[in-house]
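Student: Protein chains in written order, with the numbering used here: chain A, 6 to 195; chain B, 6 to 195.
One structure is given below, represented as structure tokens, and several questions about it will come after.
Below, the structure written as structure tokens:
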């Protein structure tokens with residue numbers, strides 16, 4: 006998505022530790038019109054797959070996910086984060102290790118919002134090691150929901166999450182793929 | 006907003022402790038089309054005030070805020086939550102006591118995203134005691150930003166937050182006002 010790449014080039018800041026800071030339009034300040042077009046792009050790519058629900062994780066996934074749900078005319082469910090494991094009969098949960106924060110989070114979704122009748126589209130803002138996405142897959146699997154696709158706003162292709170998901174056979178669309186952040190420069194794949 | 010009241014009546018669940026659970030369309034599962042119309046309603050009411058930015062708090066405020074930002078064509082900034090006080094030169098922060106969770110949270114916004122040139126519209130999903138809204142007001146005041154209005158999806162008028170904010174002179178629009186949850190019944194104001 007060329008518009009997204011342009012915004013990343015203009016506003017993204019590279020920090021030590023292969024961190025790309027995009028908090029001027031994606032995960033602190035949000036550009037709603039850009040999110041709208043991101044939602045339309047995901048909806049166009051994943052159309053005709055019978056998707057019934059969009060899944061994401063709070064907080065940064067919500068804006069792109071809700072715009073995708075708007076374009077696809079389906080509900081959005083965001084997994085909630087918890088410091089401790091949530092073991093209740095009425096929730097599906099998964100552990101998600103945060104490489105940035107160096108500790109495990111737990112995420113959970115109430116069972117009533119995800120069933121074996123659902124075909125889900127997973128949406129997230131970033132894909133690096135893929136921990137959050139794997140957590141959502143684990144939750145969808147526990148509900149026996151089909152996973153019809155995975156839509157990522159920004160993928161770091163030099164980290165293993167994207168390759169792992171494609172090797173597992175998932176239909177992954179990343180709107181911007183970053184091949185390297187070396188020398189504080191954003192280098193896109195292809 | 007009649008559509009919202011209808012959805013609350015149909016899907017809202019009253020739990021002990023004056024809790025109204027609306028997680029089927031607002032704060033766990035989200036109805037994107039309803040959020041879109043909520044955003045349009047806020048944008049219509051607060052138009053012509055020169056608003057430059059929508060402010061909210063993660064996570065449940067993001068969906069209505071981003072739809073409001075879309076309709077008003079302005080950026081959205083969501084305050085991030087932290088268990089501990091964030092004291093850094095580059096952030097404004099405030100303490101927010103959670104009556105539901107019985108402990109204080111801290112919220113913060115990076116200074117670069119809020120300045121004295123801004124006229125902000127505060128958006129949140131719930132207004133009860135008003136703690137989250139007061140936290141956002143404190144942050145906006147610290148930035149010397151003008152507060153042009155406060156838009157709330159669901160206000161519990163039997164708790165003091167709304168009255169407090171109106172007494173302070175703020176322009177508050179609540180799309181659904183709940184006067185009582187007694188006997189597990191949702192009773193709207195007026």
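Even glycine gets a Cβ: it sits at the ideal position worked out from N, Cα and C.
By the three-class DSSP mapping on this structure, what secondary structure does residue 110 of chain B have?
Tutor: In the second chain, counting from the first residue as 1, residue 110 of chain B sits at position 105. When DSSP states are grouped into helix, strand and coil, residue 110 of chain B belongs to the strand group.
Student: Alpha carbon to alpha carbon, how far is residue 178 of chain B from residue 191 of chain B? Give it in angstroms, no decimals.
Tutor: For the purposes of this step, residue 191 of chain B is taken as the residue at position 186 of the second chain. For the purposes of this step, residue 178 of chain B is taken as the residue at position 173 of the second chain. So the alpha carbons of these two residues sit roughly 19 Å apart.
Student: If you draw a straight line from the alpha carbon of residue 37 of chain A to that of residue 185 of chain A, how long is it in whole angstroms?
Tutor: Taking the first residue of the first chain as 1, we reach residue 37 of chain A at position 32. Taking the first residue of the first chain as 1, we reach residue 185 of chain A at position 180. Residue 37 of chain A and residue 185 of chain A: Cα-Cα distance of roughly 27 Å.
Student: With a 10 Å radius around its C-beta and 16 neighbouring C-beta atoms as the bar for buried, classify residue 128 of chain B as buried or exposed.
Tutor: As a first step, residue 128 of chain B must be located in the second chain, where it is residue number 123. Burial state of residue 128 of chain B is buried, judged by a 10 Å Cβ sphere holding 16 or more other Cβ atoms.
Student: Thinking just about the alpha-carbon of each residue, which of B:149, B:113, B:117, B:134 is nearest to the one in residue 61 of chain B?
Tutor: Position 56 of the second chain holds residue 61 of chain B. Ranking the options by Cα distance to residue 61 of chain B, first place goes to B:113.
Student: Could you tell me the alpha carbon to alpha carbon distance between residue 31 of chain B and residue 99 of chain B, rounded to whole angstroms?
Tutor: Position 26 of the second chain, counted from the start, is the residue given in the question as residue 31 of chain B. Position 94 of the second chain, counted from the start, is the residue given in the question as residue 99 of chain B. Between residue 31 of chain B and residue 99 of chain B, the C-alpha separation is close to 25 Å.
Student: CA-CA distance, residue 124 of chain A and residue 88 of chain A?
Tutor: Locating residue 124 of chain A in the first chain gives position 119, where the first residue counts as 1. Locating residue 88 of chain A in the first chain gives position 83, where the first residue counts as 1. The alpha-carbon atoms of residue 124 of chain A and residue 88 of chain A are separated by roughly 28 Å.
Student: Quick one, which of A:164, A:78, A:159 has its alpha-carbon nearest residue 65 of chain A's?
Tutor: For the purposes of this step, residue 65 of chain A is identified with residue 60 of the first chain, where counting begins at 1. The option with the nearest alpha carbon to residue 65 of chain A is A:159.
Student: Find the residues of chain A that neighbour residue 45 of chain B, judging by a C-beta separation of less than 7 Å, and give them in chain order.
Tutor: Residue 45 of chain B sits at position 40 when you count from the first residue of the second chain. Here the premise fails: no neighbours, minimum Cβ distance about 12 Å.
Student: Ignore the nearest five residues each way along the sequence and tell me which others in residue 161 of chain B's own chain have a CB closer than 6 Å to its CB.
Tutor: Along the second chain, one-based indexing puts residue 161 of chain B at 156. Hits under 6 Å: 133, 183.
Student: Say whether chain A places a C-beta atom closer than 8 Å to the C-beta of residue 28 of chain B.
Tutor: If you number the second chain from 1, residue 28 of chain B lands on position 23. Residue 28 of chain B counts as touching chain A.
Student: Cβ atoms of residue 51 of chain A and residue 154 of chain A: under 8 Å apart, would you say?
Tutor: By one-based count along the first chain, residue 154 of chain A stands at place 149. By one-based count along the first chain, residue 51 of chain A stands at place 46. Yes, these two residues count as a Cβ contact at 8 Å.
Student: Would DSSP call residue 100 of chain A helix, strand or coil?
Tutor: Within the first chain, the letter at position 95 stands for residue 100 of chain A. Reduced to three states, the DSSP call for residue 100 of chain A is strand.
Student: Quick check: residue 11 of chain A and residue 47 of chain A, are their CB atoms within less than 8 Å of each other?
Tutor: Residue 11 of chain A sits at position 6 when you count from the first residue of the first chain. Residue 47 of chain A sits at position 42 when you count from the first residue of the first chain. It is not a contact, given that the beta carbons lie outside the stated cut-off.
Student: Taking any Cβ of chain A, which residues in the segment 16 to 41 of chain B have a Cβ under 9 Å from it, in chain order?
Tutor: 28, 29, 30, 32, 33, 34, 35, 36, 37, 38, 40, 41
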